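Engineer:
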Amino acid sequence: MAETDDYKDEIQRLKKRLADVESQSEESPLDTSKFEKQLPSPEATDKATDRKIDAALGTSQKSIVSSERGVGEYAERPSGPVGLDVGTSNVVMAQNKGSKIQMVKQLNAFFTIPQSKFTKKILEQNGVMFFELEGQYYIIGFSAEDFANLFNANTRRPVEKGLLSSKENEGIKIIQAIIGTIIQKPKKFGELICFSVPGEPIEGTAFVAGHESIIKKYLEGMGYTPISINEGLAVVMSEMVDDNFTGIGISMGGGMCNVCLSYLSVPVITFSIQKGGDFIDTMVSHDVGISATKVKGIKEETLDLSVLPTNRIETSLHMHYLDLIHTLIYSIKRVISASDRVPRIADPIPIVLSGGTAMPKGCRESFEMALKQTRLPVDISSVRLAKEPLNTTAKGALVMAVTEA
Ligand SMILES: Nc1ncnc2c1ncn2[C@@H]1O[C@H](COP(=O)(O)OP(=O)(O)O)[C@@H](O)[C@H]1O
Ligand SMILES: [Mg+2]
Numbered sequence: 155m156a157e158t159d160d161y162k163d164e165i166q167r168l169k170k171r172l173a174d175v176e177s178q179s180e181e182s183p184l185d186t187s188k189f190e191k192q193l194p195s196p197e198a199t200d201k202a203t204d205r206k207i208d209a210a211l212g213t214s215q216k217s218i219v220s221s222e223r224g225v226g227e228y229a230e231r232p233s234g235p236v237g238l239d240v241g242t243s244n245v246v247m248a249q250n251k252g253s254k255i256q257m258v259k260q261l262n263a264f265f266t267i268p269q270s271k272f273t274k275k276i277l278e279q280n281g282v283m284f285f286e287l288e289g290q291y292y293i294i295g296f297s298a299e300d301f302a303n304l305f306n307a308n309t310r311r312p313v314e315k316g317l318l319s320s321k322e323n324e325g326i327k328i329i330q331a332i333i334g335t336i337i338q339k340p341k342k343f344g345e346l347i348c349f350s351v352p353g354e355p356i357e358g359t360a361f362v363a364g365h366e367s368i369i370k371k372y373l374e375g376m377g378y379t380p381i382s383i384n385e386g387l388a389v390v391m392s393e394m395v396d397d398n399f400t401g402i403g404i405s406m407g408g409g410m411c412n413v414c415l416s417y418l419s420v421p422v423i424t425f426s427i428q429k430g431g432d433f434i435d436t437m438v439s440h441d442v443g444i445s446a447t448k449v450k451g452i453k454e455e456t457l458d459l460s461v462l463p464t465n466r467i468e469t470s471l472h473m474h475y476l477d478l479i480h481t482l483i484y485s486i487k488r489v490i491s492a493s494d495r496v497p498r499i500a501d502p503i504p505i506v507l508s509g510g511t512a513m514p515k516g517c518r519e520s521f522e523m524a525l526k527q528t529r530l531p532v533d534i535s536s537v538r539l540a541k542e543p544l545n546t547t548a549k550g551a552l553v554m555a556v557t558e559a
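Here it is in structure tokens:
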């Protein structure tokens with residue numbers, strides 16, 4: 155009973171904090187220009203949409219065969235267009251393989267150990283993926299997680315909060331090496347690859363263009379023709395074929411959440427918040443005093459947001475989930491309200507949630523409930539969960555690659 159009371163207190167505190175945030179930011183007008191995209195002419199949109207629907211239909215109806223890049227397996231040389239999700243937690247590659255879509259996933263993480271001849275031999279013999287830099291071995295991908303567990307430490311990330319620092323050499327080398335474990339150069343030179351990029355963060359300043367150009371250059375160097383797709387739009391391309399690609403696509407990932415309001419496949423508004431699953435892990439870890447890695451494990455294995463929490467960890471997880479969901483909905487309201495670009499859409503539009511952080515039982519329902527308390531400037535017809543939340547972005551990027559090829 156005491157736990158439930160705690161929970162109620164926490165909810166009250168959260169509500170108060172959200173109300174405070176809301177009243178503060180109502181005074182400061184938001185400059186939405188960096189979140190807005192220019193709308194093309196209506197004729198162009200019609201033609202583009204027809205073409206996209208045909209190509210997208212073919213790809214989006216295929217079933218997915220998904221695997222993790224195993225130790226000692228080699229990257230493949232794709233033939234045909236490629237979709238690439240460069241997320242904060244995972245890098246996922248998608249390609250058409252006959253009647254199916256093949257997905258390969260790699261953990262976007264690394265772990266360093268000191269160099270020695272002996273270690274090198276062992277790593278090589280065991281097919282562990284690594285490279286050498288300044289006296290250290292950088293172990294990358296899922297292998298990094300194994301090593302971190304072995305040393306009872308945490309893995310590190312080249313992409314924190316969704317963006318690669320253009321100043322940091324180490325980060326660039328690592329992300330290249332990680333992408334390199336899932337794709338090599340294409341069979342046909344100049345093959346189209348579509349990779350996901352985050353939207354401009356709503357809070358603070360970040361350099362999305364720098365992040366994008368680094369990945370673009372790397373893929374070009376491998377022999378691809380790279381194009382980018384906003385992560386939220388990728389969700390729309392993957393999940394809204396039957397909605398004329400009109401709606402709000404949301405990707406709730408590790409380091410950030412990405413939002414795109416799309417009208418007939420045109421991204422009208424895109425933005426991100428630099429909070430996601432990692433934020434929840436860190437906050438709960440502070441609250442209850444266990445490591446963030448442990449929290450992540452409990453969250454992924456057992457969290458059910460549709461029932462009342464029964465202990466301190468669950469209470470804290472529920473709290474910070476609600477915080478994230480409210481922050482997200484409030485940002486959507488704030489950006490759309492401040493923008494004068496939003497087209498008048500006659501019918502209510504759907505919202506699709508994707509990404510690992512949208513996966514716990516009850517997350518969609520919690521989002522729907524929070525939405526009822528906040529009136530958005532656009533009418534929402536439904537809140538759906540993507541079919542395969544961890545593969546949605548890569549699939550959307552593939553759909554885009556296919557339509558542009
Ligand atoms: N079943 C699950 N329940 C809750 N969270 C999950 C689950 N599976 C993965 N996650 C969380 O999702 C996040 C990663 O999601 P992902 O969409 O791959 O992120 P990104 O786009 O940032 O790479 C991590 O915070 C991870 O803990
Ligand atoms: Mg993602």
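All residue numbers for the sequence shown refer to our numbering, where the first residue is 155 and numbers rise by one. For every residue, glycine included, the Cβ atom is placed at its ideal position computed from N, Cα and C. Just so it is clear, the structure is predicted and the values come from calculations on it, not from any experiment.
Output the distance between the C-alpha atoms of Val-422 and Ser-416, rounded to the nearest integer angstrom.
Structural biologist: In the sequence shown, the residue the question calls residue 422 occupies position 268. In the sequence shown, the residue the question calls residue 416 occupies position 262. Near 6 Å, if we compare the C-alpha coordinates of Ser-416 and Val-422.
Engineer: When the distance is taken between beta carbons, is Tyr-378 closer than 7 Å to Ile-347?
Structural biologist: For this step, residue 347 is matched to residue 193 along the sequence shown. For this step, residue 378 is matched to residue 224 along the sequence shown. Their beta carbons are under 7 Å apart, which means Ile-347 touches Tyr-378 by this criterion.
Engineer: Am I right that Met-406 and Ser-426 are in contact with their C-beta atoms under 8 Å? What's the rounded C-beta distance?
Structural biologist: What you label residue 406 is simply residue 252 of the sequence shown in a count that begins at 1. What you label residue 426 is simply residue 272 of the sequence shown in a count that begins at 1. With 8 Å as the limit, Met-406 and Ser-426 do not qualify as a contact, their Cβ atoms being about 11 Å apart.
Engineer: Would Ser-470 pass as a contact of Asp-432 if the rule is Cβ separation under 7 Å?
Structural biologist: Along the sequence shown, one-based indexing puts residue 470 at 316. Along the sequence shown, one-based indexing puts residue 432 at 278. No, Cβ-Cβ distance for Ser-470 and Asp-432 is not below 7 Å.
Engineer: Closest by CA to Glu-455, which one among Ile-444, Gly-443, Glu-468?
Structural biologist: The count along the sequence shown starts at 1 and reaches residue 455 at position 301. Closest option to Glu-455, Cα to Cα, is Glu-468.
Engineer: Nearest CA to the CA of Glu-354: which residue from Met-376, Val-413, Glu-227?
Structural biologist: Counting from 1 along the sequence shown, the entry for residue 354 is found at position 200. Considering only alpha carbons, the answer is Val-413.
Engineer: Could you tell me whether any non-hydrogen atom of ligand 2 is closer than 6 Å to the CB of Gly-407?
Structural biologist: Indexing the sequence shown from 1 puts residue 407 at position 253. Yes, Cβ of Gly-407 sits closer than 6 Å to a heavy atom of ligand 2.
Engineer: For the structure I just gave you, are there three or more beta carbon pairs, one from the region 504 to 516 and one from the region 381 to 397, closer than 8 Å?
Structural biologist: Because the criterion of three Cβ pairs below 8 Å is met, the region 504 to 516 and the region 381 to 397 touch.
Engineer: Could you tell me if Ile-276 is buried or exposed, where buried requires 16 or more neighbouring beta carbons within 10 angstroms of its beta carbon?
Structural biologist: What you label residue 276 is simply residue 122 of the sequence shown in a count that begins at 1. It counts as exposed.
Engineer: Out of Gln-260, Leu-462, Pro-268, state which residue places its alpha-carbon closest to the alpha-carbon of Ser-297.
Structural biologist: Reading the sequence shown from its first residue, position 143 is the one you call residue 297. Of the candidates Gln-260, Leu-462, Pro-268, the one whose C-alpha sits nearest the C-alpha of Ser-297 is Gln-260.
Engineer: Quick check on DSSP: helix, strand or coil for Gly-401?
Structural biologist: The sequence position of residue 401 within the sequence shown is 247, counting from 1. Strand, per DSSP.
Engineer: Cβ atoms of Ile-503 and Thr-400: under 7 Å apart, would you say?
Structural biologist: Counting from 1 along the sequence shown, the entry for residue 400 is found at position 246. Counting from 1 along the sequence shown, the entry for residue 503 is found at position 349. Taking 7 Å as the Cβ cut-off, Thr-400 and Ile-503 qualify as a contacting pair.
Engineer: Starting from Leu-304, trace the alpha helix (DSSP H) both ways and give me its first and last residue.
Structural biologist: As a working mapping, residue 304 is identified with position 150 in the sequence shown. Looking at the DSSP string, the run of the alpha helix (DSSP H) that includes Leu-304 is 296 to 304.
Engineer: Could you give the first and the last residue of the continuous alpha helix (DSSP H) run that contains Arg-518?
Structural biologist: Here residue 518 is taken as the residue at index 364 of the sequence shown, counted from 1. Note, Arg-518: alpha helix (DSSP H), 517 to 527.
Engineer: Compute the Euclidean distance between the alpha carbons of Ser-221 and Asp-494, then round it to the nearest angstrom.
Structural biologist: In the sequence shown, residue 221 corresponds to position 67, counting from 1. In the sequence shown, residue 494 corresponds to position 340, counting from 1. Taking the straight line joining both Cα atoms gives about 43 Å.
Engineer: What distance in whole Å lies between the Cβ atoms of Arg-311 and Asn-262, which are believed to be in contact at a cut-off of 8 Å?
Structural biologist: By 1-based counting over the sequence shown, the position of residue 262 is 108. By 1-based counting over the sequence shown, the position of residue 311 is 157. Right, their Cβ atoms sit about 6 Å apart.
Engineer: Just the C-alpha distance for Val-258 and Met-247, rounded to the nearest angstrom, thanks.
Structural biologist: In the sequence shown, residue 258 corresponds to position 104, counting from 1. In the sequence shown, residue 247 corresponds to position 93, counting from 1. Cα to Cα, the separation comes out at about 5 Å.
Engineer: Measuring alpha carbon to alpha carbon, tell me which residue in Asp-397, Asn-250, Lys-450 is nearest Val-537.
Structural biologist: The residue given as residue 537 occupies position 383 in the sequence shown. Cα-wise, what sits closest to Val-537 is Asp-397.
Engineer: Checking 7 Å against the spacing of the C-beta atoms, do Pro-235 and Val-556 come in under that value?
Structural biologist: The residue you call residue 235 lines up with position 81 of the sequence shown. The residue you call residue 556 lines up with position 402 of the sequence shown. Against a cut-off of 7 Å, the Cβ pair of Val-556 and Pro-235 comes out as a contact.
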